[in-house]
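Enquirer: Listed in order, the protein sequences are those of chains B and E. Residues 3 to 297, numbered by our numbering, are exactly what the first sequence covers, in order. Residues -11 to 923, numbered by our numbering, are exactly what the second sequence covers, in order. Before we start, here is the structure in question, set down as structure tokens.
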Amino acid sequence: MKPPPFDYYDPTVLADALQVLAEHGRDVKILAGGQSLLQLLNYRLIRPHALLDINRVAELHLLEQDAEGLKVGATIRQSELEKFPGLAEINPLLAEALPWIGHFQTRNRGTVCGSLAHADPAAELPAVALTLEAKLTLERNGGQRVVPSRKFFKEALTTVIEPDEALTRVAFPSWNHGDGWALEQVARRPHDFALVGVVAMLTPADGACARARITVFGTGYPPARSEAAESFLNGKTWSAALLREVVARVRTETRARSDAQATSEYRRCVAGTLAGRALVRAAQRAGLTRENRHG
Amino acid sequence: MDSRRIQLTVNGQEKQADVYTRLTLADLLRDEFDLTGTHLGCEHGFCGACTVLLDGEAVRSCLTLAVQANGRAVTTVEGLADGNELSRLQAAFQRQNGLQCGFCTPGFLMTATAFLAHAVNPTEQEVRKALSGNLCRCTGYQGIVQAVLEAAREPLKREPSQPACEGNIGAAIDRSEDNRLLQGRGVYTSDIRLPRLVHAAVLRSAHARARIVRLDTAAARRAPGVLAVLTFADIADIARPFPQVQPHPALNSRLPYPLVRDVARYAGEPLAIVVAENRYRAEDALELIKAEYEPLPAAVDPESALRNAEQRVHDDLPDNVAGRFGQEVGHVEQALKESHTVIKERLTIGRVSGQAMETRAITASYEAGKLTVWLTSQSPHMTRRVMAGQLNLPLEDVHVIAPDIGGGFGPKNRYYPEYTLVPLLAMRLGRPVTWVEDRRESFTATYHAREQVHEVTLGLAEDGTIMALRDHYIYDQGAYTPIGVVVPHVTSVSIPGPYRVPAYEVECTMVFTNKPPGAPYRGAGKPQAAFIIERMLDFGAQKLNLDPVEIRRRNLIKPEEFPYHTKMIDMDETEVIYDSGNYQACLERALELIGYKDFPQEQARTRRERRRTGIGVACYATKTGRGPFEGARVRVEPDGQVFVYSGVASQGQGHQTTLAQVCAEYLGVRFSDVSVKNGDTAEIEKSIGTYAARVAVMAGNAVAMAAGAVREKAFQAAADIFAVSPDMLEIAEGVICVSRAPEQNITLGQIAQHLNGGISQTASTGDLPNGLEETRYYQNNQPPYANGTYAVVIEVDQPTGIVKILRHALVHDCGVMINPRIVEGQIYGGVAQGISETLLEELCYDEAGQPLADSYKSYLLPNAAMIPTLMLEHLETPSPFNPLGVKGAGEGGTVPVAAAIISAIENALGGAVRLRRRPVHPVDLQALMRASESL
């Protein structure tokens, strides 16, 4: 299981990197952390003509928090973000989600943007980006565009990134203090890929749920917001009956595929369960409930 | 090809290299810098064996390119020790039995080193989480977790290490293997470096069943760096099918050629082999071979294969029957009629893959008419015999060495196609050739295990006494019969287990399918058998409204009934006789450890918390120490060093420690003076091998005999020297003295020198042959039976079907323990494999016969976060069937686990679902729970 041959580019400035993409486009794969890419290469499931190693591009090593939010450049490792001072206050959902990704050895190499660009349906970061309504910056030779997360993921392992574009950074909007959050996932083995998972966020106002966000991932499709469940919840006062209805709506509107690990039916049913669990924790954190357990 | 010059620091040393840009960091370390302590276990980032530190941070070196390490600092396992002084962590691994085969160990050490650099007083749970990205197949993680916890604590004042003389039988001493393995100095087959070594890769059938129309190898032969390509046409002159191991009258023996001749019979069967200057180029060339197939209908499900002649694995066998056998003890039909309660069930057992952390590998060198082979073989002597036959070489020209082996568990005991092809290529090319199975190949190229379907009938008296048991079952043999009827036959005589079954009828049908052959894997037919009898007893208890433990108590064979004659006939036509044991005592102690009596209150409490917990118990008796013989040669050198030579190869069991302990005891020398050299066909003429929990029993007794014979010979020589009778002598720590005149003494080394002819001034040696050395073969066809009870408390997360082990206990009796710590390591690992094949592992196939797993992403092995600490105790009922009184310990841990866990799941659900299949997949369990009306 050795990688096939490829040309190798490791420019030090972004313009050169974008030039490589402009010239070779479809035949190039960008190497950032390599934790998914090297797997695919070792299995020879892909055969890119060239790798574009962006790790030496200094401009991409960007990690800063300002009034607009948290900006994470393309070469920031998952572990770097995990250790970013004050992350638990800056963005508690990211702080909760990051330790779920792979293992600490893979987070030492794997990048935040790489996980988003790879768009594995079972990955946590795409679901978190979708929940946080992150903005993704795509750059090409001579231009850039900013894509909202809801328009970024097209299919499993497919995003809107064009062959001549690179995802250069992601911006997570500023955290609204008072919001509740939770990530729940189920795996056959602790700390493993999710069979299915849910990210929830609740914005409270006057003791009610002003705005709910529920994202289901690990379905075989790209992560998806449960919009019917969200809009049902929006503006309502928290109750057990309300939660039961939300769980049912998540089950109804979740699309899921069957594979060797789980059936579509299992994923839809458990997505509802996990949504319930995530919402209870999020509601507790948002100060909406004191209840501890729901089915 | 693109290459770069890179500079980096490795273990503090400046290094530079010109590397291909596609070279991984792991291969840079192993092949360019010869730092072979970094191991490749999966090459897709899941096993963690290749973990190194990059600028102090743990990373997977298989998922990092060498060019990405340019200008950075790498630390490997070779950089942990200070000279020969182990680091705190390494020393803790040795003390806590944190390693067995040692293959995964460097990765764990690097992971834990990185973790401990930041962790402050970590909890056990934190340690388990930190280690959860590394896989170990041997230890069940128990020793590893304890070692990391120990290393994390404040340094304690170390006890001075045990005096070496305390290394006799029964001493829980450190393993002699560990120091080397902990420093990354193990030499596994893939670490063998020979001048001009070239690398092979294998093209495998993409179809489960297909006629090979054409294999166009022209482009591959021309590819850069390629030295040879072989297809069947290239070996037709010498090719012959493998010989049948363990022939049997009931068997329709079918064995493969080393390469597919006309029809491929499973996806993964080898079609061609390429040799190139390195593995990268060999894999490039594989992609250039054009294979044209004519796909044929594949037999995938064994039951439909029996009925469907279209799906024919072998043309001449329309019903796909590979063998059929059975026996009856007592009168089953009559006993069923007389039974109070009769239960009929259909129980199925899924297919698994052994998955040692080191894949199979072979390195062959042919020089001056002699073939030398390093091989991941559990039985080098058996391999040598088959290899010599396959290659038309005289046996004496073939030398097979089993170096360090990274776990075996049974699948490495077979003969595989590469073992003919790689030596053949070495002979034809005139240069050494190596082949290392990759992880993807391991799922189809290495033989599988376990798959069976049982139709069982159990007859019980009103009080739960077993009246009769009938079991007709199917064994999915896969495409060939590499080891004949062995596995299903073991099942057939193991189903009654530790219970009295007065009337027993068993019939097995072995069915060919288009899947890789089935072969022994830890327990070899016994875990299936335990699953059957234990499930049936649970069902019986439910029906009779008995406590599941009570029905077991009432049927266990009692201590006074030993030796217990089962009247069953084993494969070698001898009766199955259990030697000794106290089955009740194991059961009762396991119940105490798990808290069986008070569990109902505990269960009620957790139920009030809306949690579903359950308890399960399973008993087992397992045949160990399979005959017919094993040998040992013991030799004392003039410097007093004692060498033990045995044919049995080690895959992590610590034989170099335990066999030395036996020798120290029976010869009368210090443990530290004994070195064990095993697994080399040049060192002893005959051997059977390492499997069926047989080494302690067969090789252990052989060492005892040979050591005793050397001692006798030494006493005879000393008696001549001192002019006394041998019975006036005694020996301690390698010094023989006259009992009543201790000043008259001589060392064994001096006697060896004397017997070698090196001392001239002493008395005649009579007709004693030269040298202080003896070889003995221990023969025994009366195997001892180990036994025990496993008890487990689990929690089912009802909405998701996820099962979590909360606590578990095992009380085990393997007779006299040569080294209790090593026994415990075997049990921990066996239990972990049992848990794994109950809750995680299954190798499923689609309707076309394609495997649904080819990676550790799709085939899950347990991690440290999943296996809690096992409460383990021993009973020691010596076996009267062998001089040492030992019973094998290798398989017992695996045998009872599935039955107990599944019983516990049913218990947690209050009997609302019935589980008839293993493994238990959360998706299936959740569906059963949802379908149940009472949940």
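Cβ atoms here follow ideal geometry from the backbone N, Cα and C, with glycine treated the same way.
#1: Please decide whether His436/E counts as near chain B, where near means a Cβ-Cβ distance under 8 Å.
#2: Would a C-beta distance cut-off of 8 Å place Pro930/E and Gln440/E closer than the cut-off?
#3: With three or more C-beta pairs closer than 8 Å as the rule, is the stretch 185 to 205 of chain B touching the stretch 164 to 177 of chain B?
#4: Does Ala153/B pass the burial test, meaning 16 or more other C-beta atoms within 10 Å, or should it be called exposed?
#5: I need the straight-line Cα distance from Glu384/E to Gly357/E, nearest angstrom please.
#6: Out of Cys832/E, Leu831/E, Pro910/E, Val726/E, state which residue places its alpha-carbon closest to the alpha-carbon of Lys792/E.
#7: Roughly how many angstroms separate the alpha carbons of Asp924/E and Thr408/E, rounded to a whole number?
#8: With distances taken between CB atoms, is the gap from Val248/E to Lys503/E smaller than 8 Å?
#9: Taking just the CA atoms, how far does Arg147/B sit from Leu134/B?
#10: Let me know if Gly209/B comes out buried or exposed under the rule of 16 or more other beta-carbons within 10 Å of its beta-carbon.
#11: Quick check on Asp304/E: does DSSP put it in helix, strand or coil?
#12: With 16 other CB atoms within 10 Å as the buried threshold, where does Pro484/E fall?
#13: Run through chain B and tell me which residues come within less than 8 Å of Ser75/E, C-beta to C-beta.
#14: Using a Cβ-Cβ distance under 8 Å, would Lys4/B count as near chain E?
#15: Step through the CB atoms of chain E and report whether any lies within less than 8 Å of the CB of Asp181/B.
#16: Short check: CB of Lys325/E to CB of Gln366/E, under 8 Å?
#17: Under 8 Å, Cβ to Cβ, is there at least one residue of chain B near Asn851/E?
#18: Beta carbons nearer than 9 Å to chain B: which residues of the stretch 881 to 910 of chain E have them?
#19: Enumerate in chain order the residues of its own chain whose CB-to-CB distance from Ala48/B is below 6 Å, with the five nearest sequence positions on each side excluded.
#20: For a cutoff of 8 Å on Cβ pairs, would you count Gln37/B as touching chain E?
#21: Using a Cβ cut-off of 7 Å, which residues of the stretch 787 to 816 of chain E contact any Cβ in chain B, in chain order?
#22: Quick one: which residues of the stretch 25 to 43 of chain E get their C-beta closer than 8 Å to a C-beta of chain B? List them in chain order.
#23: Determine the DSSP secondary structure at Asp68/B, reduced to helix, strand or coil.
#24: Around the C-beta of Ile226/E, are 16 or more other C-beta atoms found within 10 angstroms, so that it is buried, or is it exposed?
#25: Starting from Lys117/E, follow the beta strand (DSSP E) in both directions and report where the run begins and ends.
#26: For Arg190/B, would you say it is in contact with chain E, using Cβ-to-Cβ distances shorter than 8 Å as the test?
#27: Mind listing which residues of the stretch 617 to 639 of chain E have their C-beta closer than 8 Å to chain B's C-betas, in chain order?
#28: In chain E, which residues lie with their C-beta within 9 Å of the C-beta of Tyr223/B?
#29: Between His193/B and chain E, is the shortest Cβ-Cβ distance under 8 Å, so that the two count as touching?
#30: Just checking: is the beta-carbon of Ala97/B within a distance shorter than 8 Å of some beta-carbon in chain E?
#31: Contact check, Gln80/B vs Leu62/B under 8 Å by CB: the rounded distance?
#32: Is Val282/B close to chain E, meaning its C-beta is less than 8 Å from at least one C-beta of that chain?
#33: Could you round the C-beta distance between Thr24/E and Asp179/E to whole angstroms and report it? I think they count as a contact, below 8 Å.
#34: I'd like to know whether the C-beta of Tyr928/E is nearer than 8 Å to at least one C-beta of chain B.
#35: Could you name the residues of chain B that Met854/E contacts, counting a contact when the two beta carbons are closer than 7 Å?
#36: Cα-Cα, which of Gly803/E, Glu548/E, Ala349/E, Ala507/E is closest to Gly613/E?
Expert: Reading from the atomic positions:
#1: Locating residue 436/E in the second sequence gives position 448, where the first residue counts as 1. It does not; no Cβ of chain B falls within 8 Å.
#2: It is not possible to answer for residue 930/E, since the shown part of chain E is limited to -11 through 923.
#3: No: fewer than three Cβ pairs fall under 8 Å.
#4: On the first sequence, residue 153/B is found 151 positions in, with the first residue counted as 1. At residue 153/B the sequence reads Lys, which differs from the Ala that was named. Lys153/B counts as exposed, since fewer than 16 other beta carbons sit within 10 angstroms of its beta carbon.
#5: One-based indexing of the second sequence puts residue 384/E at position 396. One-based indexing of the second sequence puts residue 357/E at position 369. Cα-Cα distance, rounded: 10 Å.
#6: Along the second sequence, read from residue 1 onward, the residue named residue 792/E stands at position 804. Among Cys832/E, Leu831/E, Pro910/E, Val726/E, the Cα nearest to that of Lys792/E is on Pro910/E.
#7: Absent from the structure is residue 924/E, since the part of chain E shown begins at -11 and ends at 923.
#8: Along the second sequence, one-based indexing puts residue 248/E at 260. Along the second sequence, one-based indexing puts residue 503/E at 515. No, the Cβ-Cβ distance between Val248/E and Lys503/E is not below 8 Å.
#9: Within the first sequence, numbered from 1, the residue matching residue 134/B stands at position 132. Within the first sequence, numbered from 1, the residue matching residue 147/B stands at position 145. Using only the alpha carbons, I get a separation of about 19 Å.
#10: Numbered from 1 along the first sequence, position 207 holds the residue referred to as residue 209/B. With fewer than 16 Cβ atoms within 10 Å of its Cβ, Gly209/B is classed as exposed.
#11: The residue given as residue 304/E occupies position 316 in the second sequence. In the three-state reduction of the DSSP assignment, Asp304/E falls in the coil class, being assigned neither a helical nor a strand state.
#12: For the purposes of this step, residue 484/E is taken as the residue at position 496 of the second sequence. Label assigned to Pro484/E: buried.
#13: On the second sequence, position 87 is the one that residue 75/E refers to. Result: empty, since nearest Cβ-Cβ is about 19 Å, beyond 8 Å.
#14: Mapped onto the first sequence, residue 4/B falls at position 2. Yes, Lys4/B counts as interfacial toward chain E.
#15: In the first sequence, residue 181/B corresponds to position 179, counting from 1. No, no contact with chain E.
#16: Within the second sequence, numbered from 1, the residue matching residue 325/E stands at position 337. Within the second sequence, numbered from 1, the residue matching residue 366/E stands at position 378. No, the Cβ-Cβ distance between Lys325/E and Gln366/E is not below 8 Å.
#17: The residue labelled residue 851/E in the question sits at position 863 within the second sequence. Chain B has a Cβ within less than 8 Å of the Cβ of Asn851/E.
#18: Answer in chain order: His909, Pro910.
#19: Mapped onto the first sequence, residue 48/B falls at position 46. Checking the sequence, you will find Ile at residue 48/B rather than Ala. Listed in chain order, the non-local C-beta contacts of Ile48/B below 6 Å within the same chain comprise Leu42, local neighbours out to five positions each way being set aside.
#20: As a working mapping, residue 37/B is identified with position 35 in the first sequence. Interface residue (Cβ-Cβ distance to chain E less than 8 Å): Gln37/B is classified as such.
#21: In summary, the residues of the stretch 787 to 816 of chain E whose CB is separated from some CB of chain B by less than 7 Å are Pro787, Thr788, Ile790, in the order they occur in the chain.
#22: Listed by position along the chain: Glu31, His32, Gly33, Gly36, Thr39, Leu42.
#23: As a first step, residue 68/B must be located in the first sequence, where it is residue number 66. Here Asp68/B sits in strand by DSSP.
#24: Looking up residue 226/E in the second sequence gives position 238. Exposed, because fewer than 16 other Cβ atoms sit within 10 Å of the Cβ of Ile226/E.
#25: For the purposes of this step, residue 117/E is identified with residue 129 of the second sequence, where counting begins at 1. According to the DSSP assignment, Lys117/E belongs to no beta strand (DSSP E) but to the alpha helix (DSSP H) extending over 112 to 118.
#26: As a position in the first sequence, residue 190/B is number 188, starting the count at 1. Flagged as an interface residue toward chain E: Arg190/B, by a C-beta distance shorter than 8 Å.
#27: Here the close residues number zero.
#28: Here the question's residue 223/B lines up with position 221 in the first sequence. Those within 9 Å of Tyr223/B in chain E number zero; the least Cβ separation is about 18 Å.
#29: Against the first sequence, residue 193/B aligns to sequence position 191. Judged by the 8 Å Cβ criterion, His193/B is in contact with chain E.
#30: For the purposes of this step, residue 97/B is taken as the residue at position 95 of the first sequence. No, Ala97/B lies away from the interface with chain E (no Cβ there is under 8 Å from its Cβ).
#31: The count along the first sequence starts at 1 and reaches residue 80/B at position 78. The count along the first sequence starts at 1 and reaches residue 62/B at position 60. Separation of the CB atoms of Gln80/B and Leu62/B is rounded to 15 Å, and the pair is thereby denied contact status at 8 Å.
#32: Position 280 of the first sequence, counting from 1, holds the residue named residue 282/B. Residue contact with chain E for Val282/B: absent (no Cβ-Cβ distance below 8 Å to any residue of chain E).
#33: In the second sequence, residue 24/E corresponds to position 36, counting from 1. In the second sequence, residue 179/E corresponds to position 191, counting from 1. Between the beta-carbon of Thr24/E and that of Asp179/E there is about 4 Å, and that keeps the pair under the 8 Å contact cut.
#34: The structure shown has nothing for residue 928/E, since chain E only spans -11 to 923.
#35: Numbered from its first residue, the second sequence carries residue 854/E at position 866. For Met854/E, the residues of chain B that pass the 7 Å Cβ criterion are Arg191, Pro192, in the order they occur in the chain.
#36: Numbered from its first residue, the second sequence carries residue 613/E at position 625. Considering only alpha carbons, the answer is Gly803/E.
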